[in-house]
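Novice: Numbering (the working numbering), first residue to last: 41 to 289. Quick one: structure below, then a few questions.
Written out as structure tokens, the structure is:
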């Protein structure tokens, strides 16, 4: 039996205080491995504090589509008005405010360093999912950070011996899943339970070593802990209409 846990945490979206509550509930020790699935920023009020906490603790983190949007705007040193307005519309205004309109270069460089996926052997972490019709070598941030329906409607597991764990798509937007539940499909789990959303508020950490779920609620501060099997709902894939992804500009 291992003497450490692998803890995987879904989208934070700037909700620093809820993250502190969640981490306090998980109570990780020095041996535990903590992984974040991306989308640390935007929408919530304290994105800068979230990023600073994760950097200081050297937690492992993936790049999400919201980090992608930030880098599209500030990563190259050239600001596109169209991309900037799109990012602000998607919650970036809260991130800009949390940084007092000046994102440190150290944070920008850290965002650039974030991997698109992590292979843990039996578990494969990615922000959004995988295109089931393409080999990994033909995929990029377009799939790993943005895909939805094509991944969720797939009938077969992508890997034979790896469980894919994602964030990105709020679970209750998938058919057959209620607010706060973890969505389950063939060979994958989605743990993005919508910490920022008014219909949920739940932020989720999954202890994949002990199959335990920890959740904290942004709206009312509630905390709950349960076995993974009690938190899971199987997605009704027949009600998902697979659509080809639009390529981002």
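Don't be surprised by glycine CBs; every beta carbon is placed ideally from N, CA and C. Computed from a predicted structure; not experimentally measured.
Apart from the five residues just before and just after residue 272, which ones in its own chain have a Cβ nearer than 6 Å to its Cβ?
Specialist: Counting only Cβ-Cβ distances below 6 Å, and skipping sequence neighbours, we find 222 and 224.
Novice: Sorted by chain position, which residues of the same chain lie with C-beta nearer than 6 Å to residue 29's C-beta, five sequence neighbours on each side aside?
Specialist: Limits of the chain in this structure are 41 at one end and 289 at the other, which puts residue 29 out of reach.
Novice: Taking just the CA atoms, how far does residue 74 sit from residue 211?
Specialist: Each residue's alpha carbon lies about 21 Å from the other.
Novice: Which value, in whole angstroms, describes the spacing of the CA atoms of residue 95 and residue 147?
Specialist: Approximately 9 Å, taken between the alpha carbons.
Novice: Does residue 83 pass the burial test, meaning 16 or more other C-beta atoms within 10 Å, or should it be called exposed?
Specialist: Buried.
Novice: Let's test the definition: count the other Cβ atoms within 10 Å of the Cβ of residue 208 and tell me whether it reaches 16, buried, or not, exposed.
Specialist: Looking at its Cβ environment, which holds 16 or more other Cβ atoms inside 10 Å, residue 208 is buried.
Novice: Determine, using beta carbons only, whether residue 231 and residue 246 come nearer to each other than 8 Å.
Specialist: Their beta carbons are under 8 Å apart, which means residue 231 touches residue 246 by this criterion.
Novice: Using the DSSP secondary-structure output, state which residues sit across from residue 76 in a beta bridge.
Specialist: Note: residue 76 sits in a beta bridge opposite 49 and 101.
Novice: In chain order, which continuous runs of the beta strand (DSSP E) of length 3 or greater are located wholly inside the stretch 179-229?
Specialist: Segments of the beta strand (DSSP E) lying fully in the stretch 179-229: 203-206 and 222-225.
Novice: With a CB to CB cut of under 8 Å and the five nearest residues on each side skipped, what residues in its chain are close to residue 114?
Specialist: Closer than 8 Å at the Cβ level, and outside the excluded window around residue 114, lie 143 and 148.
Novice: Taking all protein chains shown into account, decide if residue 70 is buried (16 or more other Cβ within 10 angstroms of its Cβ) or exposed.
Specialist: By the neighbour-count rule (16 or more Cβ atoms within 10 Å), residue 70 is not buried but exposed.
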